[in-house]
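So the sequence shown is numbered by our numbering: it starts at 45 and just counts up by one.
One structure below.
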Amino acid sequence: WPSSSAAASGQPPAGPSSLRVTRSATQSPLNFLESDGAGGLGYARALSRGAPEIRSASEQFSVIKSEAFATAGTACERDFLLQRQADSDPADRVRALYRENAQLLARLKALDSELEEARTGRDSEQQSAELRARTLERQLADCQSNVRQLNAERESLRQQLDDTGRELLQWTQERGAIERERDSLLAVRDDLQHRLSLAASKLSRLERETPWIESDSWPVESRLYEKKNGSRVEAKASADERASLESRIERLERELRTQTEARDELESRLRRHEAEAAAAADTLDALEEAKSERLERQRELRQVQRVQSAKEEWRKKKHKYSAAVRSARERAELAEGEGVRAGAQVEVLRKGVSHDEYNRVRKELRDLQRRLGDFRSVLMTSRAPEPGSASRELGIPGGKSPPRRRRLERSGRRTSNGRVEKPIR
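Okay, structure coming up:
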């Protein structure tokens, strides 16, 4: 849009620098996709840094829009004042209109070049925005799939941890039962050792009593021998059972240590996966915020497109208004020529015509002067008419003829020699 100072001075706009500033301001918040990739924290920091730039771009766009509307109003008022201050002579006014038309054409060319550059920038911005949007959606889908995969893995690890906990509880119960059995076996072993010591003390006492009871020791010796053999067999059986129980206890302790280490490793893996899931959730939140920012940017881009379409409509109306002015100028020149010819005819007819013919030609001259005044008033008071309104006011083909022109066409028609013949009633 041209600035207000350039429009007031009649100069062409300085160029689309404001558009370039706005484009760079709107483009900079999206550059984090090329630098940060799918990272979570850097992605969120880039979004927080780009928010002030987006707000400044919106404010700048509002200022540019208000300046454009103010410039259009000032230009219309200036054109109206120039038309009212123009000389009453049609030739001077036509020259002024030619100069103003040249200025308007120069401004129109500058506006066309600016509009073309703005369209090019808009197209490139739309392509880059679509590319970034597709990249953002692809990264969002990847992050969501990663989060779902991590959640599934976390659930599987929790299930494994629960299974391991149940197995550990079962093994702990088995270990308690084995320890209780070991204690009972140790108690049995102590009892057997105590009985063996009692038997040994009894045997020693019997050996001491041997000299005194050697005469009747044969039955006792036989019983003692049987008793000793039974004690040895019982002691050997208890020792074998004790060795087997100790080996089983050692094996169960080794299995318990292995299961404890596996449980610790699973707990560490679970904590690590929970941390990764939390980081992925933070990344997903940042991506959702980026998606809302992208929707806001798309709304702003649609607003810019509406403003561009309004500008294009204004340019079309201005082109129609210029065509209407040119047609009115041509008709004014034709009317002026008709007035000059009518004056020449009056001068010729004054020399050798009747009074009635002179009055009729004089009336026709006044009619032509009145029509010329009507064209002048239309040129002085017209302001960017709607499509078709200028043709209706000026009598241009394509619109309805004004009532005055229809009355003039009904009142008479011009012949080949310049005279006006009244219709036969």
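Ideal Cβ positions, reconstructed from N, Cα and C, are used throughout, including at glycine.
The structure displayed is predicted, hence computed values, not measured ones.
CA nearest to the CA of S275, picked from A330, I222 and L247: What you label residue 275 is simply residue 231 of the sequence shown in a count that begins at 1. For the residues A330, I222 and L247, the minimum Cα distance to S275 belongs to L247.
Three CB pairs or more closer than 8 Å across the stretch 407-425 and the stretch 373-382: yes
Spatial neighbours of A218 in its chain, beta-carbon cut-off 8 Å, leaving aside the 5 residues before and after: One-based indexing of the sequence shown puts residue 218 at position 174. In the sequence on display, residue 218 carries Glu and not Ala. The answer, listed in chain order, is L296.
Own chain, CB closer than 8 Å to S282, minus 5 neighbours either side, in chain order: Position 238 of the sequence shown, counted from the start, is the residue given in the question as residue 282. Result list for S282: V232, R233 and L236, in chain order.
Exposed unless 16 or more other CB atoms sit within 10 angstroms - verdict on L175: What you label residue 175 is simply residue 131 of the sequence shown in a count that begins at 1. L175 should be labelled exposed.
8 Å Cβ shell around S291 - same chain, five flanking residues per side excluded: Looking up residue 291 in the sequence shown gives position 247. The answer is none, since no qualifying residue turns up.
Neighbour-count burial assignment, Y365, 16 or more Cβ in a 10 Å radius: By one-based count along the sequence shown, residue 365 stands at place 321. Its Cβ being crowded by 16 or more others within 10 Å, Y365 is buried.
Closest by C-alpha distance to A306, when choosing among L201, Y402, I108 and S189: Within the sequence shown, residue 306 is the residue found at index 262, counting from 1. The shortest Cα separation from A306 among L201, Y402, I108 and S189 belongs to L201.
Euclidean distance between Cα positions of S228 and L289: Against the sequence shown, residue 228 aligns to sequence position 184. Against the sequence shown, residue 289 aligns to sequence position 245. S228 and L289: Cα-Cα distance of roughly 11 Å.
Exposure of T115, with buried meaning 16 or more beta-carbon neighbours within 10 Å: By one-based count along the sequence shown, residue 115 stands at place 71. T115 is buried by the Cβ-count criterion.
Straight-line gap, E374 to V422 (C-alpha atoms, nearest Å): Reading the sequence shown from its first residue, position 330 is the one you call residue 374. Reading the sequence shown from its first residue, position 378 is the one you call residue 422. So the alpha carbons of these two residues sit roughly 13 Å apart.
Nearest-angstrom Cα separation, counted from E160 out to G81: Residue 81 sits at position 37 when you count from the first residue of the sequence shown. Residue 160 sits at position 116 when you count from the first residue of the sequence shown. Because G81 sits at a pLDDT of 43, beneath the cut-off of 50, its placement in the model cannot be relied upon, and the following sentence gives the value as read from the coordinates. Each residue's alpha carbon lies about 34 Å from the other.
Cβ neighbour criterion (16 or more within 10 Å) applied to A386: As a working mapping, residue 386 is identified with position 342 in the sequence shown. So A386 counts as buried.
A324 vs V191 beta-carbon contact at 7 Å: To locate residue 324, count along the sequence shown from 1; it is residue 280. To locate residue 191, count along the sequence shown from 1; it is residue 147. Closer than 7 Å, so yes.
Sequence ranges, alpha helix (DSSP H) only - wholly within the stretch 318-406, length at least 4: none
Minimum C-alpha distance to I108 - residue among V384, V348, G383 and E408: Numbered from 1 along the sequence shown, position 64 holds the residue referred to as residue 108. The candidate whose alpha carbon is nearest that of I108 is V348.
7 Å CB neighbourhood of R338 in its chain, flanking five on each side removed: As a first step, residue 338 is located in the sequence shown; it is residue number 294 there, counting from the start. Closer than 7 Å at Cβ, skipping near neighbours: A177 and L180.
Alpha carbon of E270 to alpha carbon of K280, nearest angstrom: Translated into positions along the sequence shown, residue 270 becomes position 226. Translated into positions along the sequence shown, residue 280 becomes position 236. Whole-angstrom Cα-Cα distance: 15 Å.
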